[in-house]
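Q:
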Amino acid sequence: MTFIVAIDGPAAAGKGTISKAVAAHFGFAHLDTGLLYRAVGAKTLSDIDPIEAAKTLTPADMQGDLRTPEVAQAASKVAVISEVRAALVDFQRNFAARNGGAVLDGRDIGTVICPDADVKLFVTASAEVRAERRFLELSAKEHDVTRDQVLADVIARDKRDSERKEAPLKPAGDAVTIDTSELSIEDAVAAALSVVDQARG
Ligand code: DC
-12 MTFIVAIDGP AAAGKGTISK AVAAHFGFAH LDTGLLYRAV GAKTLSDIDP IEAAKTLTPA
48 DMQGDLRTPE VAQAASKVAV ISEVRAALVD FQRNFAARNG GAVLDGRDIG TVICPDADVK
108 LFVTASAEVR AERRFLELSA KEHDVTRDQV LADVIARDKR DSERKEAPLK PAGDAVTIDT
168 SELSIEDAVA AALSVVDQAR G
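Okay, structure coming up:
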């Protein structure tokens, strides 16, 4: 049985939390596709060519702390390169087609990677709410950041991700949008589970 749930949206909108909860609830596998771009971005910080890095990516490259502001910006920069995106397509599609169901979250899952997904969600929230969440997350990990810096980073990444030519961040025409700005985690997860439940019939 294949069943594909595509979850897209901007940084820190709650995609990760919702994806993990959907995967756990239905027993599906989960792929955070942002980690692929972060792994490539992290390599460019050590002066490795991004296209080469994407073509030779291994699971080991996905280890370590890729959730830093520097790696996030580097990921967003390599993500505009079409050869980088092309090198990562097959891995994502193979993951999606696995037996037992899969949840993939990212920016272009419902639009480019899995246009025939069984369920498409677009998870979003205001830039201010997302920046506050990311600020609290980074501060808890003792990253030395200010609220203003984090908001500026979120806005810069949104702009780059949605204005790029290749696979820009945007909702698929048939995606269900969940705005988490004023939702608790429980309510956001419940909204997502109910959309998936309906599609499973
Ligand atoms: O989801 P994230 O914040 O970990 O993603 C990091 C960057 O990777 C994001 O700013 C843009 C890029 N990305 C992408 O272009 N396409 C995806 N499917 C996932 C992430």
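Per the working numbering, residue -12 is the first one in the sequence shown, and the count goes up by one each step. Ideal placement from N, C-alpha and C gives every residue a C-beta, glycine not left out.
Here's the rule I'm using: 16 or more other beta-carbon atoms within 10 Å means buried, otherwise exposed. How should K128 be labelled?
A: Exposed is the call here.
Q: Do you know whose CA, among A26, A114 and T(-11), lies nearest F13's CA?
A: Among A26, A114 and T(-11), the Cα nearest to that of F13 is on T(-11).
Q: Check whether the region 24 to 40 touches the region 51 to 64, taking contact to mean three or more Cβ pairs, one atom from each stretch, closer than 8 Å.
A: Because the criterion of three Cβ pairs below 8 Å is met, the region 24 to 40 and the region 51 to 64 touch.
Q: Considering only heavy atoms of the ligand DC, does any lie closer than 7 Å to the CB of T20?
A: Indeed, a heavy atom of the ligand DC lies less than 7 Å from the Cβ.
Q: Is it a yes or a no for the region 115 to 125 touching the region -4 to 14, going by three-plus beta-carbon pairs under 8 Å?
A: Result yes; three or more Cβ-Cβ pairs closer than 8 Å.
Q: Using only the heavy atoms of the ligand DC, determine whether one of them is closer than 7 Å to the beta carbon of A73.
A: No.
Q: For S181 and V90, which I take to be in contact (beta-carbon distance under 8 Å), what is that distance rounded to the nearest angstrom?
A: With 8 Å as the limit, S181 and V90 do not qualify as a contact, their Cβ atoms being about 15 Å apart.
Q: Is the Cβ-Cβ distance between A186 and D105 less than 8 Å?
A: Cβ atoms of A186 and D105: closer than 8 Å.
Q: Quick one, are the C-beta atoms of A10 and G87 less than 8 Å apart?
A: In this structure, G87 does not lie closer than 8 Å to A10 by Cβ.
Q: Do D(-5) and G97 have their beta-carbon atoms positioned less than 8 Å apart in this structure?
A: Their beta carbons are under 8 Å apart, which means G97 touches D(-5) by this criterion.
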